[in-house]
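I have placed the structure first, in the form of structure tokens, so that the comments after it can refer back to it.
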Ligand SMILES: NC(=O)c1ccc[n+]([C@@H]2O[C@H](COP(=O)([O-])OP(=O)(O)OC[C@H]3O[C@@H](n4cnc5c(N)ncnc54)[C@H](O)[C@@H]3O)[C@@H](O)[C@H]2O)c1
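In our numbering, the protein residues as written are 7 to 334.
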């Protein structure tokens with residue numbers, strides 16, 4: 007039997023943000039209904055290299071799909087001309103355990119991370135939210151922008167990155183594509199957040215950089231950067247007054263935006279409003295008031311990768327993309 011191999015370029019050609027948003031929403035809905043199996047990510051740390059790898063298996067019985075992603079995070083990689091986050095996905099047929107496909111999941115990781123924030127924004131941001139602030143304009147920022155542009159009518163995009171050149175390159179990439187929106191590089195983080203309706207934070211910082219006094223009522227925040235123990239981007243005072251929606255309790259409490267404030271006792275489990283799957287499945291409320299500050303704590307679920315990788319596999323077969331190789 008043969009396994010389908012797909013390169014990063016091939017995956018990139020097959021996957022659109024619109025389709026990824028649907029795939030991730032499906033993953034969240036199944037998680038909310040409890041029709042999934044997904045153990046916590048397993049981490050292996052390389053402290054002397056300032057990096058780690060994570061192994062993420064998952065299974066959705068009603069869809070008959072399963073698989074595992076292996077992904078790294080090495081924040082110093084851009085200095086070496088490499089991506090901070092790189093990944094491989096193995097799609098496994100649950101009926102036999104056979105490896106149906108082995109594909110690059112670097113692009114899938116970026117797309118499903120953007121789509122997770124997109125789905126959260128669709129359910130949690132105010133309907134008329136139109137000012138987007140991007141904090142950190144590295145690799146993840148690209149797909150955050152793509153997703154936000156689909157789920158809300160964004161008129162203004164404000165950006166801030168510790169390395170201004172990265173923000174300039176980002177604007178260069180997107181200003182033409184999204185002509186209707188006005189792009190502005192902020193001189194400070196405070197300026198970037200000043201009138202934001204939606205904020206996406208995507209930095210690897212370990213000390214909060216977003217201050218509570220800069221966040222206006224009604225704002226929705228996608229906290230993306232904190233995805234390992236000890237990482238946090240938001241001042242805990244934001245979480246104390248916000249309606250917090252997480253992607254998964256086990257993961258978020260261990261390694262999401264809430265992990266540090268929880269471990270210090272600043273917030274408690276009862277302060278978490280819901281897991282996003284429960285909101286998507288209509289089992290718990292999200293935003294209930296235009297003045298609510300909502301925070302989506304994203305750690306990234308194996309299920310998001312699974313539904314997205316399965317979609318890629320189906321598209322690749324339909325469009326005859328990739329190489330079939332016998333590895334077993
Ligand atoms: N939640 C998820 O599902 C998920 C998925 C992938 C990556 N991540 C995390 O998201 C973060 C970003 O990942 P990436 O791949 O975009 O990394 P990246 O290295 O490509 O980009 C990070 C950007 O943040 C900027 N930055 C760093 N410190 C800053 C500060 N104090 N203020 C403003 N900007 C600052 C850097 O200059 C860089 O441009 C990482 O922490 C990564 O682990 C989360």
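All C-beta atoms in this analysis are idealised placements derived from N, C-alpha and C, irrespective of residue type, glycine included. Keep in mind that this is a model prediction, so the values were computed, not measured.
Per DSSP, the continuous alpha helix (DSSP H) segment holding residue 14 begins and ends at 14–20.
If you draw a straight line from the Cα of residue 238 to the Cα of residue 49, it comes to about 18 Å. Contact annotation, residue 27 with residue 125: C-beta distance approximately 6 Å; criterion of less than 8 Å satisfied. Residue state for residue 98 is assigned as strand, using DSSP reduced to three classes.
Taking 8 Å as the cut-off, the beta carbon of residue 264 is found closer than this to the beta carbon of residue 258. DSSP places residue 63 within a strand segment (E or B) once states are collapsed to three.
In this structure, residue 296 has its beta carbon at no less than 7 Å from each heavy atom of ligand 1. For residue 229, same chain residues with a beta-carbon under 7 Å away, outside a window of 5 residues either side, are 207, 239, 240, 263, 301, 302, 303, 304 in chain order. Look at residue 14: its beta carbon is at least 7 Å from all of the heavy atoms in ligand 1.
With a threshold of 7 Å, the Cβ atom of residue 168 counts as near ligand 1, since some heavy atom of the ligand is closer than that. Ligand 1 has no heavy atom closer than 7 Å to the beta-carbon of residue 269. Put simply, the stretch 111–121 touches the stretch 134–154. At least three CB pairs are less than 8 Å apart. Comparing alpha carbon positions, the residue from 292, 223, 193 closest to residue 201 is 223. Leaving aside the five residues that flank residue 64 on each side, the residues in its chain whose CB is nearer than 6 Å to its CB run, in chain order, 44, 308, 309, 312.
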